[in-house]
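Protein sequences, first through last, are from chains H and W. Using my numbering, you'd call the opening residue of the first sequence number 1 and step up by one each time. Using my numbering, you'd call the opening residue of the second sequence number 1001 and step up by one each time. A short write-up of the structure that comes next.
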Amino acid sequence: MNAEIPDLVAGQVMAAFVVPQVVVAPIKAGKLRALAVRADKRLPGLPDVPTSAEAGLPGVEALVWNGIFAPAGTPRPVIDILHRELVKAYNAPEIKAQVEATGSYVAADTPENSPPSSAPRSPSGAGSGAQPASSRSSELGVDAKVRNGRAESSAAFKRRRRSRRFSTRAEAPHVDELDGDACPFRSRRAG
Amino acid sequence: MMKRLVFVLGMLVGIAHAQTFPSRPVRILVPAPPGSSPDIRARQIAPKLQEALGQPFIVENRPGGGGAGLIAAREVARAAPDGHTLLLALINSAIFDALSPDPCCRLNQELMPISRFTMTPLVAVINPSVPASSLKELISLGKGKTGLDHLRLRRSGQQQPARRQLDRVRDRHQDARGSRTRA
C-alpha cells in the first residue's frame, strides 16, 4: 500500500497526489510539502494547506469515493431498506469520527433521498432502454460486437447479454471528463 | 372495488417483501485485501447494519481483477438480486467503466448504487527539494518553463485516480511500485 511515500520522502519521486491518511505524518514532520487539498474545503488534519481554489486553481478537485452497490434487479423495497440503514450507519457519530480522523468524510446522502437509478433492470435483462442509467451507454456506445478491440467470442456471454448495449473503448469519454462525473450518484459532494 | 382490492394486495405484497429482508446473512464483497482502507471501511459499517437489520453482515475480501476489482464486481453482478450480496465499489470501478467497460459488471447497469459511503480528497504533495511552493508553480515546472529537465512523478495502475491527476501535469512519469487498491 502506498509504496510511493518512501520514494517521495527520499526524493526519487518529486510529486504525487495521494490520499491524506498516508501523508499527514510526513507533512507534519517536514519531510513532504503539501501544496493543495483538492477539495472544496480544507482538511481538519491539514488546516494550513489551501484548497485548490485557494491555490489559484478553482474547480480542480479530485475526490476518491467508495459506495455500496447491489446487483441490478434488486427489488426497490430492499434497496430502500439498505439505503436507509447505510446512511444511518455511516452518520453514526463514532463512524463519522473514525472516517474524519483519516481525512475523509462521509457522503451527504440522507435516509430520504433514494439512489438515482430508481428503475432497476428486470432480472431478465430486457427493457434496458427504459432506465435512466442506460442513457449514458446510449450516448457513449453503439451496438457493438467488439469489446475493447477484440471480437466477441464467448457464446455464453452473447446468450447472457444478447439484448444489452455496451460501449467500446473508443467511445469512452476523455479522461478530463471523469474528475467530477465519474461518480454514479446524483449528489456528488458532501455538504 | 376489484381494482382497489388488487391495489391493497399489491401494497401488502410489497410490505411483506420489505419485511422479509434480510432473511439470511448478507455478504459485503470488498475488492481489496484485509486491512486495506476499503476493507476497514466495510468492517466499520457491517456491525451497524447487523445491529439495525438483525442479520449478520459479513465482509468478504475478493482482491484482484485489475484496478477495477473485477473479481468482486463479477461475483456480485452474478449473485441473486435480492440484496443479500453487496459490493463495496471504489472510484476505480467508475474510472475503469469509462475507459474500458467490462460488460459483466458496469456501475449503473449490472450494479446498482445504494449509497456512497466515504469521500476522500487527494492531497498534492511534493518532496521539499522540489522548487515549488504552490500548485501553479508545480505545473510550470512540469511544463519545463524553469529549466528543470523533467518532473519525476509517481505513476501506478492505469485506473488509479492519482495517475489521472498526474496526467494533468503532463510530463515524464516514473514507474513506481504502487498499490493497486485504495480509497
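We put the beta carbon where it would ideally sit given N, CA and C, even for glycine.
| Item | Value |
| --- | --- |
| Roughly how many whole angstroms lie between the Cα atoms of Gly73 (chain H) and Ile79 (chain H)? | 10 angstroms |
| Where do the ends of the alpha helix (DSSP H) carrying Asn1092 (chain W) lie? | 1091 to 1099 |
| Would a C-beta distance cut-off of 8 angstroms place Val210 (chain H) and Gly45 (chain H) closer than the cut-off? | This structure cannot speak to residue 210 (chain H), because chain H is shown only from 1 to 191. |
| With a cut-off of 8 angstroms, do at least 3 Cβ pairs link the region 1100 to 1113 of chain W to the region 1044 to 1063 of chain W? | no |
| Going by beta carbon distance, what residues of the same chain come within less than 6 angstroms of Gln1158 (chain W), once the five residues before and after it are set aside? | Confidence at Gln1158 (chain W) is low in this model, with a pLDDT of 45, below 50, so the placement of that residue should be treated as unreliable; the coordinate-derived value is given next. Nothing listed; no residue qualifies. |
| When the Cα of Leu1087 (chain W) is compared with those of W:Pro1128, W:Val1125, W:Ile1126, W:Glu1110, which residue comes out closest? | W:Glu1110 |
| Does the region 37 to 56 of chain H come within contact of the region 1134 to 1145 of chain W, defined as at least 3 CB pairs closer than 8 angstroms? | yes |
| Under 8 angstroms, do Arg1078 (chain W) and Ile1071 (chain W) count as touching if we go by C-beta distance? | no |
| CB-CB under 6 angstroms to Ala156 (chain H), same chain, minus the five flanking residues each way: which ones, in chain order? | Only weak support exists for where Ala156 (chain H) lies, its pLDDT of 45 falling under 50; the value from the coordinates is given anyway. Hits under 6 angstroms: none found. |
| Per DSSP, what kind of secondary structure is Ala15 (chain H) in: helix, strand or coil? | strand |
| Taking its Cβ as the centre, do 16 or more other Cβ atoms sit within 10 Å of Arg1024 (chain W), making it buried, or is it exposed? | exposed |
| Output, in chain order, the set of chain H residues within a Cβ distance shorter than 8 angstroms of Ala1072 (chain W). | Going along chain H, no residue has its Cβ under 8 angstroms from Ala1072 (chain W), so there is no contact; the nearest lies around 10 angstroms. |
| Quick check: Arg1027 (chain W) and Glu1060 (chain W), are their CB atoms within less than 8 angstroms of each other? | yes |
| Give me the Cα-Cα distance between Leu82 (chain H) and Gly1066 (chain W), rounded to the nearest whole angstrom. | 28 angstroms |
| Helix, strand or coil, according to DSSP, for Glu1137 (chain W) in the structure here? | helix |
| For Gly67 (chain H), which three-state DSSP category applies? | strand |
| What is the rounded straight-line gap between the Cα of His1084 (chain W) and the Cα of Phe1021 (chain W)? | 8 angstroms |
| Tell me the DSSP secondary structure of Leu35 (chain H) in three-state form. | strand |
| Distance check for Pro47 (chain H) and Val9 (chain H), CA to CA, integer angstroms please. | 21 angstroms |
| When we look at the beta-carbon of Asp7 (chain H) and count the other beta-carbons within 10 Å, is it buried (16 or more) or exposed? | buried |
| In whole angstroms, what separates the C-alpha of Val99 (chain H) from that of Leu43 (chain H)? | 12 angstroms |
| Using only alpha-carbon positions, find the residue among W:Pro1056, W:Val1130, W:Phe1117 that is nearest to Ala108 (chain H). | W:Phe1117 |
| Looking at the unbroken alpha helix (DSSP H) that takes in Glu94 (chain H), where does it start and where does it end? | 93 to 101 |
| Check this for me: beta carbons of Leu1029 (chain W) and Glu85 (chain H), under 8 angstroms apart or not? | no |
| Mind listing which residues of the region 1037 to 1050 of chain W have their C-beta closer than 7 angstroms to chain H's C-betas, in chain order? | Pro1038, Arg1041, Gln1044, Ile1045, Lys1048, Leu1049 |
| Where Ser104 (chain H) and Phe1096 (chain W) are concerned, what is the direct C-alpha to C-alpha distance, given to the nearest angstrom? | 22 angstroms |
| Going by CA-CA distance only, name the one from W:Ile1058, W:Met1119, W:Leu1090 that's closest to Asp40 (chain H). | W:Met1119 |
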